[in-house]
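Colleague: Letter by letter, the sequence shown follows residues 258 to 592 of our numbering. Just dropping this structure here.
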Amino acid sequence: MPFTRPDRSFDLAAMFPELATLDRTAVRLHPRHGNPTAEQSSIGGPLWPSDEPWPTCSASHEWDSLKTLDEVFEYRRIMNLAWSRPRAGTPDLFTTEERAFLDALREPERGNPWRDESRTANAPLLPVAQLFTRDVAGLPFSERFDLLQVLWCPYDHPDTEDYWPAVQLLWRDTTQSVFKPMYPAGSTQVGFEEYVPSPCVLAPEEVTEYPDMNLLSPELRDEIKATSDQVDTFEYHDNALAPGWKANGHGAAWMIIDAYDVRCECGAEARPLLSATSGEMGPSTSHWTPLEDRDGAAEDTRRYASVDVYLGRGYDLQIFHCGLDPEHPPVMEMS
Numbered sequence: 258m259p260f261t262r263p264d265r266s267f268d269l270a271a272m273f274p275e276l277a278t279l280d281r282t283a284v285r286l287h288p289r290h291g292n293p294t295a296e297q298s299s300i301g302g303p304l305w306p307s308d309e310p311w312p313t314c315s316a317s318h319e320w321d322s323l324k325t326l327d328e329v330f331e332y333r334r335i336m337n338l339a340w341s342r343p344r345a346g347t348p349d350l351f352t353t354e355e356r357a358f359l360d361a362l363r364e365p366e367r368g369n370p371w372r373d374e375s376r377t378a379n380a381p382l383l384p385v386a387q388l389f390t391r392d393v394a395g396l397p398f399s400e401r402f403d404l405l406q407v408l409w410c411p412y413d414h415p416d417t418e419d420y421w422p423a424v425q426l427l428w429r430d431t432t433q434s435v436f437k438p439m440y441p442a443g444s445t446q447v448g449f450e451e452y453v454p455s456p457c458v459l460a461p462e463e464v465t466e467y468p469d470m471n472l473l474s475p476e477l478r479d480e481i482k483a484t485s486d487q488v489d490t491f492e493y494h495d496n497a498l499a500p501g502w503k504a505n506g507h508g509a510a511w512m513i514i515d516a517y518d519v520r521c522e523c524g525a526e527a528r529p530l531l532s533a534t535s536g537e538m539g540p541s542t543s544h545w546t547p548l549e550d551r552d553g554a555a556e557d558t559r560r561y562a563s564v565d566v567y568l569g570r571g572y573d574l575q576i577f578h579c580g581l582d583p584e585h586p587p588v589m590e591m592s
């Protein structure tokens, strides 16, 4: 199903002509729960070369509560059913079997035994995104590769003080390998259920974005601030940067720290590649709601968290790539 962006409340390039030379195209992914095939671009989708072992993370791990992938997805299934049941006069939203399952997940031994890292050694990475160039325009290095795979580790990593998933990028030429549907076993343990993306189909949509205000010239920043002071309904970031899961563009809005010039370890510019977000939209960005969602179904707030990923305290993880060499590791920043 394609999604159509509504007209923006403000034409930023017309209001501030200097922005016209700074625009970039982002691709909103519009993830929705589904059963993506190996031939589709997806979030959490199943595709892997048949001659490669599944990748793992050998770093030190910290975790919240150990669960298996089967348990994570069963928990989500039960909660979705509970939300769909009528509440009036219902003493318990869960069946006896569902309640027993939920109680078992709270057992103390699932907690935080930091010292027994043998339980999490060589943790399998999870598939986060597989994006084909035929679906997502503007993916980098498309002259060499037609598929980007993004994976991450479902634990925190105290040795690097990175309290977010460790990301791995894989650039593929699908003509050089035989691919088959593959996903980590249901018995695979994860440290944070919030780091497990639910399988989602995508409906890519191209939009124009402009840089974070802190990356603009001082003169242009002052002009934008003056306009914001004069027009109560105008907020630059809410109009310049699309919310939700997206590729390319200018990345997610910087809310925790000020935006800065992100660089690869080699010194080259690192450009936004994927914004992995804790929700699709919020009250300040509701004007980005697709026209197709502006009906009764739009009141279903669960669509704002369709990927079921929750990072930090509801932040966004920006994944940047080296502008020169696809072999260089990504740069991550929570925003």
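C-beta atoms are modelled at their ideal positions from N, C-alpha and C, and glycine is treated no differently. Quick caveat, the model's predicted, so the values are computed rather than measured.
#1: Considering only C-alpha positions, which residue in the set L276, C523 and H414 is nearest to P583?
#2: Closest by CA to E463, which one among P475, P500 and S399?
#3: One question on the structure: do D469 and W511 come within less than 8 Å of each other, judged by their Cβ atoms?
#4: Return helix, strand or coil for E526, following the three-state DSSP convention.
#5: Give me the Cα-Cα distance between C521 and R478, rounded to the nearest whole angstrom.
#6: According to DSSP, is R559 helix, strand or coil?
#7: Would you kindly work out how many angstroms separate the C-alpha atoms of W409 and L269, rounded to a whole number?
#8: To test your reading of the DSSP string, which unbroken beta strand (DSSP E) runs of 3 or more residues are found completely within the segment 418 to 488?
#9: Give me the Cα-Cα distance between P411 and L530, rounded to the nearest whole angstrom.
#10: With a cut-off of 8 Å on the beta carbons, I'd call M284 and V393 a contact; round off their distance for me.
#11: With DSSP as the reference, label F577 as helix, strand or coil.
#12: Determine the direct distance from the alpha carbon of V564 to that of I513, and round the result to whole angstroms.
#13: Quick one: using the 10 Å Cβ neighbour count with 16 as the cut-off for buried, is T278 buried or exposed?
#14: So M336 is in the beta strand (DSSP E); what residue range does that whole segment cover?
Modeller: Looking at the coordinates:
#1: Nearest C-alpha to P583: C523.
#2: Measuring from the Cα of E463, the nearest candidate turns out to be P500.
#3: The answer is yes: Cβ separation under 8 Å.
#4: In this structure, E526 counts as strand in the three-state DSSP scheme.
#5: Between C521 and R478, the C-alpha separation is close to 26 Å.
#6: Model confidence at R559 stands at a pLDDT of 40, short of 50, so the residue's coordinates are unreliable; what they give is reported in the following sentence. Residue state, collapsed to three classes: helix.
#7: Take the alpha-carbon of W409 and the one of L269: they are about 35 Å apart.
#8: Segments of the beta strand (DSSP E) lying fully in the segment 418 to 488: 424 to 429 and 462 to 466.
#9: So the two alpha carbons sit approximately 20 Å from each other.
#10: The amino acid at residue 284 is misidentified as Met; the sequence shows Val. Right, their Cβ atoms sit about 5 Å apart.
#11: In the three-state reduction of the DSSP assignment, F577 falls in the strand class, which pools E and B.
#12: Taking the straight line joining both Cα atoms gives about 22 Å.
#13: Within a 10 Å sphere around the beta-carbon of T278 sit fewer than 16 other beta-carbons, which makes this residue exposed.
#14: That residue, M336, is in no beta strand (DSSP E); its alpha helix (DSSP H) goes L326 to S341.
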